[in-house]
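Written out below as structure tokens is the structure these notes cover.
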Amino acid sequence: MKENNSQTYSLTLSDPRIHFSSAHFVIGEKYCEGIHGHDYSLKIELVAKKTVNDMVMDFLDLKPWMRKIASELDHRMILPANNEELKITVNEESNKVEVNLRESKFYEIPFSDTVILPISNSTVEEIARYIAEKLEIHLKDHKELTSLKVTVGEYENQEASCIITLNN
Ligand SMILES: [Zn+2]
2 MKENNSQTYS LTLSDPRIHF SSAHFVIGEK YCEGIHGHDY SLKIELVAKK
52 TVNDMVMDFL DLKPWMRKIA SELDHRMILP ANNEELKITV NEESNKVEVN
102 LRESKFYEIP FSDTVILPIS NSTVEEIARY IAEKLEIHLK DHKELTSLKV
152 TVGEYENQEA SCIITLNN
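In structure tokens form, the structure reads like this:
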């Protein structure tokens with residue numbers, strides 16, 4: 002374990018094999034996108050005040066976690082549970098989700114094809130926040146880390162990040 006007050010370390014990890022292809026629509030103030038999909042990219046950055054075994058973290062510890070989160074979202078429609086304009090009714094028994102947007106757009110989709118997230122909109126910012134908060138829990142025992150950053154991209158050069166400062 003190496004610690005020097007003038008130094009910090011960072012690790013950046015993305016893997017072209019770890020991505021998720023999902024459908025979504027963003028709800029704007031006065032508009033709503035039609036359903037469409039992206040092949041979302043995922044990047045994780047960690048900052049540490051010291052290394053452990055000469056590493057911020059072993060890539061092999063992070064990659065399975067990234068694969069797991071990507072597979073939970075892959076080939077599904079991402080629905081935001083916390084959007085006031087959207088009413089989502091789930092009927093697990095009949096494998097059905099009814100989506101009602103401002104009483105003007107209605108969708109009915111199989112429950113098994115959806116993932117309903119605790120986010121307010123399916124923007125890359127909100128998806129990044131959702132993943133970052135899950136990652137924060139996963140990393141809670143790594144007291145040497147000072148921040149984490151999750152970046153989700155819709156296209157090349159079109160991405161957003163959520164950064165969480167860790168109070169260790
Ligand atoms: Zn989109």
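When you read off a place in the sequence shown, starting at 1, and then add 1, the result is the number in this note's numbering. C-beta: ideal position from N, C-alpha, C; glycine also.
- Between ligand 1 and the CB of valine 27, the shortest heavy atom gap is smaller than 7 Å.
- If you compare the alpha carbons of Leu47, Val125 and Glu109 with that of histidine 143, the shortest gap goes to Leu47.
- In this structure, the C-beta of histidine 39 approaches ligand 1 to less than 7 Å from one of its heavy atoms.
- For the 8 Å CB-CB criterion, leucine 61 and serine 15 do not form a contact.
- Contact between valine 125 and glycine 154 holds, with the beta-carbon distance rounding to 7 Å and staying under 8 Å.
- Counting along the chain, no alpha helix (DSSP H) covers alanine 24; the unbroken beta strand (DSSP E) around it starts and ends at 10-25.
- Taken in chain order, the unbroken stretches of beta strand (DSSP E) that lie wholly in the region 71-100 and span 3 residues or more are 78-81 and 87-92.
- Annotation note: the region 94-169 contains the following uninterrupted alpha helix (DSSP H) runs of length 4 or greater, listed N- to C-terminal: 125-139.
- The Cβ atoms of leucine 149 and alanine 129 lie no closer than 8 Å to each other.
- Residue pairing by DSSP puts isoleucine 45 in a beta bridge opposite Leu14 and Val151.
- Residue side-chain check: glutamate 73 keeps its Cβ at 7 Å or more from all non-hydrogen atoms of ligand 1.
- Tyrosine 32 and proline 111 have their C-alpha atoms roughly 25 Å apart.
- In this structure, leucine 118 sits away from tyrosine 108, with a CB-CB distance that is not shorter than 8 Å.
- Of the other Cβ atoms in all chains shown, fewer than 16 fall within 10 Å of the Cβ of glutamate 93; this residue is therefore exposed.
- With a 10 Å radius around the Cβ and a threshold of 16 neighbouring Cβ atoms, arginine 18 comes out exposed.
- Only exposed fits tyrosine 156, as fewer than 16 other CB atoms lie within 10 angstroms of its CB.
- Per DSSP, reduced to three states, the secondary structure at aspartate 59 is coil, with no helix or strand assignment.
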